[in-house]
Amino acid sequence: MALQLQELAKCYSEDAVMKQLARLPDGLNEIYNQILKAIEKKYLAETLTFLQWLAFSIRPMNVAELAETVTVDFDVQDGPIFNSKKRYNNPHDLLTRCSSLVIESNGIVKLSHFSVKEHLLSTAVSEGFKINKEISHSKIAEIAITYLLQFNYVESLTEHILQSVPLAEYAAQHWIDHVKLGKMNPELYKLVFSLFTLESAFIKWVQIHNIDAFWRSPKQDFCVKKKKIQIPLYYASLSGMEQVLKDLIKQTKDVNAQGGFYGNALQAACYYGHEAIVELLLENKADINAQGGEYSNALHAACYDGHEAIVKLLLVNGANVNAQGGQYGNALQAACYYGNEAIVTQLLENEANVNAQGG
Numbered sequence: 001m002a003l004q005l006q007e008l009a010k011c012y013s014e015d016a017v018m019k020q021l022a023r024l025p026d027g028l029n030e031i032y033n034q035i036l037k038a039i040e041k042k043y044l045a046e047t048l049t050f051l052q053w054l055a056f057s058i059r060p061m062n063v064a065e066l067a068e069t070v071t072v073d074f075d076v077q078d079g080p081i082f083n084s085k086k087r088y089n090n091p092h093d094l095l096t097r098c099s100s101l102v103i104e105s106n107g108i109v110k111l112s113h114f115s116v117k118e119h120l121l122s123t124a125v126s127e128g129f130k131i132n133k134e135i136s137h138s139k140i141a142e143i144a145i146t147y148l149l150q151f152n153y154v155e156s157l158t159e160h161i162l163q164s165v166p167l168a169e170y171a172a173q174h175w176i177d178h179v180k181l182g183k184m185n186p187e188l189y190k191l192v193f194s195l196f197t198l199e200s201a202f203i204k205w206v207q208i209h210n211i212d213a214f215w216r217s218p219k220q221d222f223c224v225k226k227k228k229i230q231i232p233l234y235y236a237s238l239s240g241m242e243q244v245l246k247d248l249i250k251q252t253k254d255v256n257a258q259g260g261f262y263g264n265a266l267q268a269a270c271y272y273g274h275e276a277i278v279e280l281l282l283e284n285k286a287d288i289n290a291q292g293g294e295y296s297n298a299l300h301a302a303c304y305d306g307h308e309a310i311v312k313l314l315l316v317n318g319a320n321v322n323a324q325g326g327q328y329g330n331a332l333q334a335a336c337y338y339g340n341e342a343i344v345t346q347l348l349e350n351e352a353n354v355n356a357q358g359g
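So the sequence shown is numbered by full-length UniProt numbering: it starts at 1 and just counts up by one.
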């Protein structure tokens, strides 16, 4: 009913009202399809992009962020690329593009009703507007990463520059989420690998949102120097990017580089439970007993977060079960603190010292 009233509100004469009443469809699906069919053909692609973002963004989007998604141009030979000339002069124009399918409240844009998303995912939607969850996440990831790649040509970041690129914070914080929720196709992988290997873009991403213990860092750190940022291999391990890690290892054999909140790539992968990454690092001669980082060693990190399969993998490959250090002093104490009986059993079977001091 609300959508029908909105359509009637666009009528400026009694005759127009009567004609609109005669055209009013029955049921939500017909209403939504009528709205979609009314969108000008030249705006179909960007309107669909807006709707995909609203349906699958990790957090609510504000007007400026959502409008900025059109600056990534897919209609070029070597695309997608960032194109500032596609930016809307007035971000609020996107509300007109999406018609009554969206609403704005306190600067935040959202779908006007949960049934809009259901309709877009259904078989009842008009041709050309059906969306798919996995494909949408991949598309959002492509936009987010391409947006970040523009910083490969920016000498240094400032607060002023960041204010002029409203999608940067969202892109830096959530592109990994969308990659993992989507499907890693060749086009998307090319963009992901570019972000890890184009040095300036990589550094700017980390400066905007450092996934290495971001909760302990400032929101943005534009002054952090290159030497203070860990190598891409560390971030690939931290984020669970297996294929990226494989390709980075081909370029550098330094799997034991020290630094970062977790001390090294192996400890980071162990903490986050990336079993395939752990296996890959061990195959490439990662030091299983390397010291450093918040948890002192890989085994302690895996025990702390309860990753039973990784604990077993580390023990089989020679991890020192009684290595000292880290927040809880040793792996056994970390496992006991969190009540992980299966891991405690594994450690004891591998001769963990039940009387070890520390922590």
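Glycine included, C-beta positions come from ideal geometry on N, C-alpha and C.
Counting C-beta pairs with one atom in each stretch, the segment 194–211 and the segment 149–158 have three or more that are closer than 8 Å, which means they touch. The beta-bridge partner set that DSSP reports for Phe151 is empty. DSSP places Ser57 outside any alpha helix (DSSP H), giving it a letter other than H or E.
Exposed is the label assigned to Arg59, since fewer than 16 other Cβ atoms lie within 10 Å of its Cβ. The beta carbons of Ser239 and Ile176 sit closer together than 9 Å. For the set Gln267, Lys285, Leu233 and Gly292, the Cα lying nearest the Cα of Val311 is the one of Gln267.
The DSSP assignment places 168–181 and 186–197 as complete runs of the alpha helix (DSSP H) inside the segment 168–197, in order along the chain (cut-off: 4 residues).
For Ser237, the uninterrupted alpha helix (DSSP H) segment begins and ends at Pro232 to Ser239.
Here Leu282 has Ile288 and Asn317 as same chain residues with Cβ atoms under 7 Å from its own Cβ, once five neighbours each way along the sequence are excluded.
Following the DSSP letters along the chain, one finds Ser115 inside the alpha helix (DSSP H) bounded by residues Phe114 to Leu121.
A residue is called buried when at least 16 other Cβ atoms come within 10 angstroms of its Cβ; Val102 meets this threshold and is buried. Asp73 sits in a strand when the DSSP states are folded into three classes. In this model, Leu195 and Leu188 are separated by some 11 Å (Cα to Cα). For Thr71 and Gln324, the gap between their C-alpha atoms comes out near 52 Å.
The C-beta of Ala309 has fewer than 16 other C-beta atoms within 10 Å across all chains shown, which makes the residue exposed. Counting along the chain, the unbroken alpha helix (DSSP H) around Leu314 starts and ends at Glu308 to Val316. For Leu157, the secondary structure class from DSSP, reduced to helix, strand or coil, is coil. Taking the Cα of Gly293 as reference, the smallest distance to any Cα among Gly260, Asn322 and Ala276 is reached at Gly260. When the five nearest sequence neighbours on each side are left out, the beta carbons in the same chain lying within less than 7 Å of the beta carbon of Val244 are those of Val192, Phe193, Phe196 and Ala236, in order along the chain.
Taking the Cα positions, Leu167 is about 16 Å away from Lys110.
Rounded to the nearest whole angstrom, the C-alpha separation of Ile39 and Lys117 is 17 Å. A direct Cα-Cα distance of roughly 46 Å separates Thr252 from Asn90.
Residue environment: Phe82 is assigned as buried (16 or more neighbouring CB atoms within 10 Å of its CB, all protein chains considered). Residue pairing by DSSP puts Ile103 in a beta bridge opposite Lys110. Assignment of Asn330 by DSSP, reduced to helix, strand and coil, places it in the coil class.
When rounded, the separation of the alpha-carbon atoms in Leu95 and Ala67 is 9 Å.
In terms of Cβ geometry, Gly273 and Ala302 form a close pair [threshold 9 Å]. Annotation for Lys250: no residue places its beta carbon closer than 8 Å to its own, counting only its chain and skipping 5 residues before and after. Contact between Tyr295 and Gln333 does not hold, since their C-beta atoms are separated by about 12 Å, which reaches or exceeds 8 Å. In this structure, the alpha-carbon of Asp221 lies about 35 Å from that of Leu314. Per DSSP, His300 is one residue of the alpha helix (DSSP H) stretching across Ala298 to Tyr304.
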